[in-house]
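K.L.:
Right, I'll just put the structure down here and ask away after.
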């Protein structure tokens with residue numbers, strides 16, 4: 456929620472369709488909530504940036520961000536999907552590296568996704584990404600219950 460509010464201010468009320476599909480019976484995590492929130496904020500902020508970049512090139516395009524949560528057998532799965540610029544296949548293995556970025560300063564320093572991955576792994580979880588350039592990017596975060 457915080458990342459979406461900040462982005463509205465940063466991008467002058469840039470209009471995004473936000474779809475939320477939260478499991479109503481989500482199991483409580485044994486984690487530092489503020490750290491997980493920061494990790495998710497980094498992922499969402501990154502998604503919104505790429506939605507905005509695509510919208511600048513294609514004004515008729517409708518930016519969409521989907522966030523979902525689901526109980527799994529011994530974990531919770533959180534998915535963040537956007538229909539923004541996507542990630543070129545040759546960059547997928549680089550996006551979590553510290554200081555790696557496609558953005559120009561001061562937009563990005565290559566820290567957000569790296570720290571998101573570190574935080575998630577510190578809590579015993581995992582993060583993966585699926586993307587097709589020009590179509591979508593989807594991050595899947597799994598945290599143990």
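Residue numbers (my numbering): 456 to 600. The beta-carbon is built from N, C-alpha and C at its ideal position, and this holds for glycine as well. It should be emphasised that the depicted structure is a prediction, and the values quoted were computed from it without experimental measurement.
In three-state DSSP terms, what is residue 508?
P.N.:
helix
K.L.:
Enumerate in chain order the residues of its own chain whose CB-to-CB distance from residue 542 is below 8 Å, with the five nearest sequence positions on each side excluded.
P.N.:
550, 584, 586, 588 and 592
K.L.:
Drop a sphere of 10 angstroms on the beta-carbon of residue 514, count the other beta-carbons inside from all chains shown, and report buried for 16 or more, exposed for fewer.
P.N.:
exposed
K.L.:
Mind the definition here: the segment 520-527 touches the segment 566-575 only if three or more C-beta pairs lie below 8 Å; say whether that holds.
P.N.:
Counting C-beta pairs with one atom in each stretch, the segment 520-527 and the segment 566-575 have fewer than three that are closer than 8 Å, which means they do not touch.
K.L.:
Could you name the residues that DSSP lists as bridge partners for residue 536?
P.N.:
521 and 593
K.L.:
Applying the 10 Å Cβ sphere with the 16-neighbour rule, what's the burial state of residue 500?
P.N.:
buried
K.L.:
Who are the Cβ neighbours of residue 497 in its own chain at under 7 Å, not counting the five residues just before and after it?
P.N.:
567, 568, 570 and 571
K.L.:
Thinking C-beta only, is residue 494 closer than 7 Å to residue 537?
P.N.:
no
K.L.:
Quick check on residue 580: does DSSP put it in helix, strand or coil?
P.N.:
coil
K.L.:
Skipping 5 residues on each side, what residues in its chain have a beta carbon closer than 6 Å to that of residue 472?
P.N.:
519
K.L.:
What are the start and end residues of the beta strand (DSSP E) that includes residue 472?
P.N.:
472-476
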